[in-house]
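Residue numbers (our numbering): 1 to 393.
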């Protein structure tokens, strides 16, 4: 496949993830206000977010399996994804309009949107894994994830800016953007198929032991990320910086994520996904420890930048490793399971915060060090599998 084709499709999928992730940011920002208008108490809002993640955990894996089956006919998966995304965008568009209809109608739309939004995670990566040559998968995977990184980079600034606008306008603009971008997915699928006609998939199934080890490492890595980014980062910066500076400082993680992940795709191409996952996890553990021990905002900012870059390398190489593990025609199953476990980690973090368990003295002492130990454990867990050829990406 010409590199220009894979790069173009990778950029397209990155734009899709950018607009999709921004829709999630908009949803989280406005959810407390919309829930109150629908008659839902403020204390219930975190549990709605937890429900979203439970749905993601179930549907991402199932959607990945379905994508493996649907993708047998060229062009069909793209059409299915576009259709499901249109339904998802409609539910998203109606959310701020349904608050006057009561709690039941509002929550029903939330559930519909959460279920259908899974179409934009595993299925696009299934297409990349099925049609893109193995040596180009780390590169296009990094472009896919770059959209997520840019959206998360913008999130701290959007939180203070978007609330001045009518949520109906923001939800409508976001829904329209996602639909417009996604409707070209059938074109992307056919372009990939023409440029590199899919070869007959080799027989066999995913190696169970290797796959389970990979998933266990993903869960540890995701737990470390959830605690570091959503629980530890802001209090760490708050020790050295005024509240007005926090949004800019929090973006350092995502700047590192976006800048270091893409060039690191060359390392994954050269050494394989599992190798880079292991080394990046160890780098993330070291930088998380440095962040916890930082004595000023400069050293903390540097540690956060490196930590974000390491996490970007973990994510990019994890996608490449998942596609390599699923190269027998189970790419959707592999990446779907990966995203499902990331949602499980988010469930644990939301439950921890919603239940105020982070205030328990023992947990409060452990949380600053948990990301480092989780990432260290994942890195050490992956090292024995480094030499297995199935991990080459």
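Every residue gets a Cβ at the ideal spot worked out from N, C-alpha and C, and that includes glycine. Fair warning: this is a prediction, and the values are worked out from it, not measured in the lab.
* Asked: Which same chain residues, not among the five before or five after residue 174, have their C-beta less than 8 Å away from its C-beta?
  -> 19, 22, 23, 26, 92
* Rounded to a whole number of angstroms, what is the C-alpha to C-alpha distance between residue 247 and residue 161? -> 12 Å
* My guess is that residue 342 and residue 222 are in contact by the Cβ rule of under 8 Å, so how many angstroms apart are they, rounded? -> 4 Å
* Asked: Out of curiosity, what's the CA-to-CA distance linking residue 389 and residue 275?
  -> Its pLDDT being 49, under 50, residue 389 is placed unreliably in this model, and the coordinates cannot settle the point.
* To do: Could you say if the region 313 to 320 and the region 143 to 154 meet the contact criterion of at least three C-beta pairs nearer than 8 Å?
  => yes
* Asked: If we ignore side chains and look at the alpha-carbon of each, how far apart do residue 154 and residue 329 end up?
  -> 36 Å
* Which term fits residue 287, buried or exposed, when burial requires 16 or more other beta carbons within 10 angstroms of its beta carbon? -> buried
* Is it buried or exposed for residue 96, if we count other Cβ within 10 angstroms and need 16 for buried? -> buried
* Test item: CB-CB of residue 64 and residue 323 under 9 Å -> no
* Asked: Would you call the region 341 to 360 and the region 297 to 310 in contact, with 3 or more CB pairs under 8 Å?
  -> no
* Does the region 5 to 13 touch the region 101 to 108, meaning 3 or more C-beta pairs lie closer than 8 Å? -> no
* Kindly indicate which three-state DSSP category residue 24 falls into: helix, strand or coil? => helix
* Going along the chain, which residues of its own chain have a beta-carbon closer than 7 Å to the beta-carbon of residue 82, five neighbours each way excluded? -> 182, 183, 185, 186
* State the start and end residues of the unbroken alpha helix (DSSP H) segment that holds residue 328. => Segment: none, residue 328 is in no alpha helix (DSSP H) and carries neither H nor E.
* Using 8 Å as the Cβ pair cut-off and three pairs as the minimum, do the region 345 to 358 and the region 265 to 279 touch? -> no
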